[in-house]
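Residues in the sequence shown are numbered from 1 upward in steps of one, following the UniProt record's numbering.
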Amino acid sequence: MPRRNAPRTTQHGQARGQASFYDGCPPALPESLMTRPRTCLILLGLLTAPLAQALSPPAPPQIPAQVSNVAWAADMASFATADRTNPPPRGGIEFIGSSSFRMWDSLAQDFPGQPVFNRGFGGSEVRDSTWYAGQAIVPYAPCKVFFYAGDNDLNSGRSATQVRDDVVAFVQRVHRDLPKTKVEYVSIKPSPSRAHLLPAINDANAKIKAALAKLPNTGYTDIYTPMLAADGQPDASLFREDMLHMTPAGYAIWTKALAPKVKCD
């Protein structure tokens, strides 16, 4: 009887045409590497890890820590008292942020017929409004939130990039509970008393505008440019004696810039 040739085998001792563990290795791998199962598994893991990472759900946004100030606890208590005695309309238009909003006493008169209400608290930074969003924004379910903060942040040493990231975190925090609420960021104003910060303010405003353009249900309003004098410097006539907070003339510029947007779309 003629001898039948034995099937040719691979270096692994496996007959050709038969499946083996090593068939799972990418074909481009050198055969010397495929003799080591551990190496093969590691390489396969490295090849598939980027795909698994891309398919995994994004991590929930981190809430920046509160910038410590006991006065803001009193502000929150004051808001709670106001909510009991004269609650703002649910689904209204909220203004929240630092003192430039808190001191806007003519807000309701400047936007007649619109359900605006003010929850500004002076001296606050972006992170504080994010921290208190669960108390000072979410319960009202506003149709739109106008947000002003950032100059205190830069004055305290926060960088333009950090302020941008903080604003993005604020938007994400609001949209976590209120995805349909429009968040409109009001750019950092050019205060004469903080003229040394103008380069950082310009940088932060540009970074924030670019970042918000990529996010859903957000907007950006430039109030920096119309508050400059003819020489390109902050217009001192728009500010009080402290050259930080605004006169009615300053708020008139803000009213004109925001009026087309102060409505529930």
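Beta carbons are placed, not taken as given, at the ideal position from N, Cα and C, and that holds for glycine.
Where the alpha helix (DSSP H) through residue i begins and ends
i           : result
GLY250      : 248-258
residue 287 : One cannot answer for residue 287 here, as it falls past the ends of the chain, which runs 1 to 265.
SER78       : 71-85
Beta-carbon spacing of residue i, residue j below 8 Å
i      : j      : result
ILE223 : LYS189 : yes
PRO115 : PRO89  : yes
ALA149 : SER106 : no
GLY91  : PHE117 : no
ILE63  : ALA213 : no
GLU184 : PRO142 : no
VAL171 : THR218 : yes
LEU238 : GLY250 : yes
MET243 : ALA236 : yes
PRO234 : ALA204 : no
Candidates the options: closest to residue i by CA position
i           : options                           : result
SER124      : VAL116, ALA133 and PHE117         : ALA133
PRO216      : ALA259, ARG90, THR181 and VAL126  : THR181
ALA160      : LYS207, CYS143 and VAL183         : LYS207
LEU154      : ASP265, SER78, PRO199 and GLN233  : PRO199
SER191      : ALA252, ALA169, ARG240 and PRO248 : ARG240
VAL138      : VAL174, TYR220 and ARG158         : VAL174
PHE79       : ALA211, ILE96, ASN69 and VAL145   : ILE96
ALA100      : GLN66, PHE146 and LEU178          : Sequence inspection shows Ser at residue 100; the Ala mentioned does not correspond to that position. Of GLN66, PHE146 and LEU178, the residue nearest in Cα terms is PHE146.
SER187      : TRP104, THR225, ARG194 and GLY157 : THR225
THR221      : LYS256, THR130, ASP265 and ARG84  : LYS256
HIS245      : PHE121, SER193, LEU197 and PRO179 : SER193
VAL67       : LEU178, PRO179, GLY122 and ARG176 : GLY122
ASP265      : GLY120, LYS144, TYR140 and ALA230 : LYS144
residue 266 : ALA108, ALA65 and ALA229          : Missing from the structure shown is residue 266; the chain here goes from 1 to 265 and no further.
GLY157      : ALA73, LYS209 and ILE201          : ILE201
PRO87       : TYR140, LEU197 and ALA210         : TYR140
residue 267 : ASP165, ASP83, TRP254 and ALA230  : No statement about residue 267 is possible, as the shown extent of the chain runs from 1 to 265 and does not include it.
VAL126      : ILE253, ALA65 and ALA229          : ALA65
ALA252      : LEU178, ARG176 and TRP104         : TRP104
With 16 other Cβ atoms within 10 Å as the buried cut-off, status of residue i
i      : result
ARG8   : The predicted model places ARG8 with a pLDDT of 49, which falls under 50 and marks its position as unreliable, so this point remains unresolved.
ASP151 : buried
PRO248 : exposed
ALA136 : buried
ASP128 : buried
ARG102 : buried
VAL167 : buried
ASP110 : buried
ASP75  : buried
VAL70  : exposed
GLY232 : exposed
ARG119 : buried
THR130 : buried
MET34  : The predicted position of MET34 is uncertain, since its pLDDT is 48 and thus under 50; no value can be drawn from it.
For residue i, the first and last residue of its enclosing beta strand (DSSP E)
i     : result
GLY97 : 93-97
**Message:** Threshold first: 3 residues or longer. Then list the beta strand (DSSP E) segments lying entirely within the UniProt domain "SGNH hydrolase-type esterase" (102-253), N to C.
**Reply:** Taking only runs of at least 3 residues, the beta strand (DSSP E) segments lying wholly in the UniProt domain "SGNH hydrolase-type esterase" (102-253) are 116-120, 144-148, 182-186 and 218-221.
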